[in-house]
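Chemist:
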Ligand code: SIN
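Residue numbers (the numbering used here): 6 to 291.
1. Where in the segment 165-190 do unbroken runs of the beta strand (DSSP E), each at least 3 residues long, occur, reported from the N-terminal end onward?
2. Which residues in the same chain have their Cβ closer than 8 Å to the Cβ of residue 47, if we skip the five residues on either side of it in sequence?
3. Report yes or no: do three or more beta-carbon pairs, one from the segment 67-82 and one from the segment 37-44, lie closer than 8 Å?
4. In terms of residue numbering, what span does the alpha helix (DSSP H) encompassing residue 4 cover?
5. Give every residue whose Cβ lies closer than 7 Å to any heavy atom of the ligand SIN, listed in chain order.
6. Taking the alpha carbon of residue 210 as the point to measure from, which residue in 181, 20, 164 has its own alpha carbon closest?
7. Grab me the residues of residue 87's own chain with a C-beta within less than 7 Å of its C-beta, minus the 5 sequence neighbours each way, in chain order.
8. Between residue 284 and chain C, is there a C-beta pair that is closer than 7 Å?
9. Any chance you could list the beta strand (DSSP E) runs of at least 3 consecutive residues sitting entirely within the segment 43-103, in chain order?
10. Taking the C-alpha atoms as reference points, what is the distance between residue 214 and residue 270?
11. Please state if the CB of residue 268 and the CB of residue 147 are separated by a distance shorter than 7 Å.
12. Span of the alpha helix (DSSP H) holding residue 220?
13. Identify, in the order they occur along the chain, each residue of the same chain with its Cβ nearer than 8 Å to the Cβ of residue 17, setting aside the five sequence neighbours on each side.
14. State the Cα-Cα distance for the pair residue 289 and residue 123, rounded to the nearest angstrom.
15. Mind the definition here: the segment 195-202 touches the segment 167-181 only if three or more C-beta pairs lie below 8 Å; say whether that holds.
16. Using a Cβ distance threshold of 8 Å, determine whether the segment 239-250 contacts the segment 149-156, with at least three qualifying pairs required.
17. Under three-state DSSP, which class holds residue 279?
18. Going by CA-CA distance only, name the one from 102, 118, 242 that's closest to residue 275.
19. Apply the 10 Å Cβ neighbour rule to residue 189 and answer buried if 16 or more other Cβ atoms are within range, or exposed otherwise.
20. So, for residue 28: in the same chain, excluding its five sequence neighbours on each side, which residues have a beta-carbon less than 7 Å away from its beta-carbon?
21. Under a Cβ-count criterion, where at least 16 other Cβ atoms within 10 Å of its own Cβ denotes burial, should residue 194 be classed as buried or exposed?
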């Protein structure tokens, strides 16, 4: 039994993914034992939700630092949307709010396909925090899929065909659907195992996604793409997914090593504003 100064209530939200953590006010520093319990809940549940928080940017950075080194923004500053100059370093603004006709934040509009943040980097970021500041009346939900549950139940023949192979990942900053032409010229690419072993839990998870995975190393495109499509279709099945409906003041942290996420459409005439940080990875995926 770990003694913490905070009485935490950790409530799982689905069979495979998501837990809500109540009883902690993240404006206040948390003690080491509480941090350890929260960290373990993140590993166990892949996505953790802290409802009803009232955070300043400094609080978001402090809380993020409990989980490792804060990830740097990879997009070159010349592609920063205008709202980024109101942020502390390493915070990203996701928003459709427009000033002078231009979105102030990144990833402004509508639906977004399933993806793992920063999979296109050689050492991808372990986790992502997202904090809701303004939300539409409906839509703009974020869906999270457990890569563990999908891996465990993947068709054995498909699994055998892909075991030991690498996926090729590419991303144009700003794209929300594969090949939508919205991304900037600042792109990144990387190659990682299709089935990733999580370095802390040692569990295997599907590590390819519909938005950013464009091929399989050493395999012709016409052979690779149908196999990948079959994996995407399986990984996005509702039984592996937690659908998060945002409330004001929700702080979410998800594990990019073993989960992917997507966003649903929302009304273009309603405001949505989120603050995001990431946790830098420490190892190359294996
Ligand atoms: C993201 O994928 O980082 C953004 C998700 C969202 O806007 O809900």
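Each residue gets a CB set at the ideal place from its N, CA and C atoms; glycine is no exception.
All of these numbers come straight from a predicted model, not from anything done at the bench.
Modeler: Judging by the given coordinates:
1. Listed in chain order, the complete beta strand (DSSP E) runs (minimum 3 residues) inside the segment 165-190 are 171-177.
2. Hits under 8 Å: 53, 72, 132, 258, 260.
3. At 8 Å Cβ cutoff, the stretches touch.
4. What is shown of the chain runs 6 to 291, which leaves residue 4 out entirely.
5. Having a Cβ closer than 7 Å to some heavy atom of the ligand SIN are 99, 112, 117, 120, 122, 133, 135, 145, 147, 266, 268, 279, 281.
6. Checking every option, the nearest Cα to that of residue 210 belongs to 164.
7. Contacts found: 104, 107, 109.
8. Going by chain labels, chain C is absent from the structure shown, which holds only one protein chain.
9. Counting whole runs of 3 or more residues, the segment 43-103 contains the beta strand (DSSP E) stretches 52-55, 97-100.
10. If you take the alpha carbons of residue 214 and residue 270, they lie about 19 Å apart.
11. When the beta-carbon positions are compared, residue 147 and residue 268 come within less than 7 Å of each other.
12. Looking at the DSSP string, residue 220 is not in any alpha helix (DSSP H); the run it does join, the beta strand (DSSP E), is 218-221.
13. Counting only Cβ-Cβ distances below 8 Å, and skipping sequence neighbours, we find 23, 24, 50.
14. Distance between residue 289 and residue 123, taken at the CA atoms: about 12 Å.
15. Because the criterion of three Cβ pairs below 8 Å is met, the segment 195-202 and the segment 167-181 touch.
16. Yes, the segment 239-250 touches the segment 149-156.
17. Residue state, collapsed to three classes: strand.
18. Among 102, 118, 242, the Cα nearest to that of residue 275 belongs to 102.
19. So residue 189 counts as exposed.
20. Hits under 7 Å: 11, 12, 13, 14.
21. Under the 10 Å beta carbon count, residue 194 is surrounded by fewer than 16 other beta carbons and is classified as exposed.
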